[in-house]
Each structure stands twice: as structure tokens, then as C-alpha cells.
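Residue numbers (full-length UniProt numbering): 1 to 284.
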């Protein structure tokens with residue numbers, strides 16, 4: 001009987017010790033939700049999964065993270081970078097319906113780099129308006145499975161890597177853009193700038209506000225639609241394996257066969273290079 005009682009006391013003591021340590025760790029991280037964005041900071045990094053993330057630019061000097069729901073968020077600084085990470089206790093990952101939401105407030109005049117790595121979840125980032133976009137130097141997004149919503153952004157370089165997710169982008173002006181879709185969908189409206197896209201198995205729709213730079217598209221097995229302005233000035237250089245390239249523009253065709261097409265619209269100022277292994281590209 002004494003042995004059973006002793007085992008019971010040990011179990012209770014172990015449980016109390018575990019909960020105490022857990023709570024101490026929890027409260028020790030509660031203050032790690034803010035960071036000053038000095039001029040030395042050139043990158044904001046997000047590393048999250050199974051969470052909805054909203055990034056809100058506003059008038060402020062610091063960064064603040066506000067979590068509603070289970071888990072905890074940690075804001076840390078390493079060198080010139082601020083890192084925002086999200087953690088949950090291991091046994092809570094078995095919850096299939098996690099409604100936790102993380103809102104991160106950042107200075108609206110922050111104009112450096114941003115990296116978003118999301119395993120699964122949702123991300124939203126918006127500028128004030130079309131005339132007052134949120135400006136960055138570089139924006140890099142890597143998503144495993146989830147939804148991305150971007151509005152009214154302007155930057156020097158944009159890169160998007162989607163394994164299996166959906167991206168909806170409205171108003172993106174970027175000097176250079178790179179899109180890599182393994183299996184997912186990306187819909188971009190009011191786009192301008194240089195574009196390079198590699199589609200393994202997915203769907204990409206891009207509608208240009210203006211065609212002011214080159215476009216390079218490679219399709220292994222997927223669908224791409226390019227919506228161009230009526231006055232777009234370009235040279236189309238397309239190669240086809242077992243797919244197809246179609247166009248609605250009245251091209252001045254220089255060469256056309258089952259495996260290739262070359263032609264111009266207007267003066268042929270900007271190059272559109274398309275390589276289709278097995279898929280389709282439509283230019284309209």
C-alpha cells in the first residue's frame with residue numbers, strides 16, 4: 001500500500017513540476033513579442049506553420065506581434081534580422097482545427113527585405129491603396145500548403161515558391177519577379193515588371209497593368225495565362241514539346257510550326273520567351 005502511495009506521490013510531483021516549468025517558459029516568452037526596428041535591421045523573417053498570419057503596416061517605430069489562440073509567438077533578433085516564429089506544444093499539433101491568428105504590426109516606412117516561410121496556413125499583406133503601396137526592397141515567400149493574399153505592393157525583387165497552395169495578388173509592381181509553382185495556383189492582377197516563371201504542375205494567371213520588361217515562362221505540366229494590354233509591345237519566342245501556345249494578338253509571324261513560333265506585336269520591344277514541355281500557355 002505504501003509503495004502504491006509513493007508512486008502516486010511521485011506522479012503528482014512530476015506533473016506539478018512539468019506544469020510549473022511549462023508555465024515559467026510560457027511567461028518568460030510573453031515579453032518576446034516586440035522589437036525595435038532600427039536602421040541596422042535589413043530583414044524581417046517569418047517562420048510559421050498551421051496558423052493565419054496578417055502583416056499590418058502602420059505608423060509606428062517598432063514591430064509588435066499579437067497572437068490570438070493556442071501556442072506562443074517569439075520575436076527575436078539575430079544580427080541584422082528580426083525573426084518571428086510560432087510554437088505549439090507537440091501534443092497540440094494533433095488538433096485538426098487550429099484557428100490561431102497572428103497579427104504582426106510593422107512600420108509602414110520599413111523598406112528593406114521580408115522573408116515569409118509558411119508550412120501550412122494563410123498569409124495576408126496589404127498596402128494602403130493602389131496609389132500608396134507598401135514598399136519593400138525584396139519580398140520572398142515560400143509556402144507548403146495554404147493561401148497567400150497580397151495587395152498593393154511595390155518592390156525591387158519578388159520571389160514566390162509554392163509547393164501546394166494558392167496565391168491571390170492584386171497590384172504588384174516589381175523590377176524583377178520569380179515564380180516557382182510545383183503544384184498550386186497563382187492569380188496576379190495589375191502586375192508590372194520583369195517576370196520569370198517555372199511551372200511544374202500548377203496554374204498561373206498573370207494580368208499586366210503594363211508590359212515594361214521581359215517575360216520568361218517555362219511549363220513542364222501546367223497552365224499559364226498571360227493577359228496583356230492591347231498596346232503591349234513585344235516579341236514572342238515560343239517552343240513547344242507536347243503542349244501548346246495560343247495567342248489572341250494579331251502577331252506579325254516570322255516563323256511558326258508545330259514546335260515553335262516567333263512573331264512580333266508592335267515594334268517587338270519586350271521579349272516574351274515561352275518553353276512548354278507538356279502544358280499550355282495562352283497569351284490574350
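Just so you know, even glycine gets a beta-carbon here, dropped at the ideal spot from N, CA and C. This one's a predicted model, so the numbers in the text were calculated from it and none came from an experiment.
Apply the 10 Å Cβ neighbour rule to residue i and answer buried if 16 or more other Cβ atoms are within range, or exposed otherwise.
{"i": "residue 253", "result": "exposed"}
{"i": "residue 78", "result": "exposed"}
{"i": "residue 255", "result": "exposed"}
{"i": "residue 152", "result": "buried"}
{"i": "residue 68", "result": "exposed"}
{"i": "residue 146", "result": "buried"}
{"i": "residue 281", "result": "buried"}
{"i": "residue 198", "result": "buried"}
{"i": "residue 218", "result": "buried"}
{"i": "residue 229", "result": "exposed"}
{"i": "residue 154", "result": "buried"}
{"i": "residue 19", "result": "The pLDDT assigned to residue 19 is 43, lower than 50, so where the model puts this residue is not dependable; a value taken from the coordinates is nonetheless given after this. The residue in question, residue 19, is exposed, as its Cβ has fewer than 16 Cβ neighbours within 10 Å."}
{"i": "residue 184", "result": "buried"}
{"i": "residue 36", "result": "exposed"}
Can you pull the DSSP bridge partners for residue i?
{"i": "residue 139", "result": "114 and 158"}
{"i": "residue 107", "result": "58"}
{"i": "residue 47", "result": "85 and 117"}
{"i": "residue 211", "result": "Answer by DSSP bridge pairing: none, since residue 211 is not bridged."}
{"i": "residue 235", "result": "264 and 271"}
{"i": "residue 198", "result": "180 and 218"}
{"i": "residue 124", "result": "54 and 149"}
Can you grab the Cα-Cα spacing for the pair residue i / residue j, in whole Å?
{"i": "residue 312", "j": "residue 74", "result": "Outside the displayed range of the chain (1 to 284) lies residue 312, so it cannot be described from this structure."}
{"i": "residue 34", "j": "residue 130", "result": "29 Å"}
{"i": "residue 176", "j": "residue 207", "result": "16 Å"}
{"i": "residue 122", "j": "residue 38", "result": "28 Å"}
{"i": "residue 150", "j": "residue 120", "result": "17 Å"}
{"i": "residue 21", "j": "residue 32", "result": "Only weak support exists for where residue 21 lies, its pLDDT of 42 falling under 50; the coordinates are left without a value."}
{"i": "residue 178", "j": "residue 249", "result": "25 Å"}
{"i": "residue 245", "j": "residue 226", "result": "11 Å"}
{"i": "residue 59", "j": "residue 210", "result": "31 Å"}
{"i": "residue 277", "j": "residue 187", "result": "22 Å"}
{"i": "residue 104", "j": "residue 258", "result": "51 Å"}
{"i": "residue 100", "j": "residue 189", "result": "29 Å"}
{"i": "residue 285", "j": "residue 118", "result": "The chain is shown from 1 up to 284; residue 285 falls before or after that span and cannot be answered."}
{"i": "residue 214", "j": "residue 267", "result": "14 Å"}
{"i": "residue 170", "j": "residue 205", "result": "12 Å"}
Over what stretch of residues does the beta strand (DSSP E) that includes residue i continue unbroken?
{"i": "residue 203", "result": "203-208"}
{"i": "residue 168", "result": "166-181"}
{"i": "residue 273", "result": "270-276"}
{"i": "residue 70", "result": "Per DSSP, residue 70 belongs to no beta strand (DSSP E) and is neither H nor E."}
{"i": "residue 227", "result": "223-227"}
{"i": "residue 251", "result": "That residue, residue 251, is in no beta strand (DSSP E); it is neither H nor E in DSSP."}
{"i": "residue 37", "result": "Per DSSP, residue 37 belongs to no beta strand (DSSP E) and is neither H nor E."}
{"i": "residue 282", "result": "280-283"}
How about residue i: is its Cβ closer than 7 Å to a heavy atom in the ligand NAD?
{"i": "residue 102", "result": "Because no ligand of any kind appears in the structure shown, any question about the ligand NAD cannot be addressed here."}
Less than 8 Å between CB atoms is the rule here; does residue i satisfy it with respect to chain D?
{"i": "residue 165", "result": "Absence of chain D from the displayed structure is noted, only one protein chain being present."}
Does the stretch 60-70 come into contact with the stretch 148-162, if we say contact requires no fewer than three beta-carbon pairs (one atom in each stretch) closer than 8 Å? Contact between the stretch 60-70 and the stretch 148-162 is absent, because fewer than three Cβ pairs lie under 8 Å.
*Quick one: any contact between the stretch 270-282 and the stretch 235-243, if contact means 3 or more CB pairs under 8 Å?*
Judged by Cβ distances under 8 Å, the stretch 270-282 makes contact with the stretch 235-243, as three or more pairs qualify.
Check: How do the stretch 108-119 and the stretch 130-139 stand: do at least 3 beta-carbon pairs fall below 8 Å, yes or no?
Finding: Between the stretch 108-119 and the stretch 130-139 there are three or more inter-stretch CB-CB distances shorter than 8 Å, so the stretches are counted as touching.
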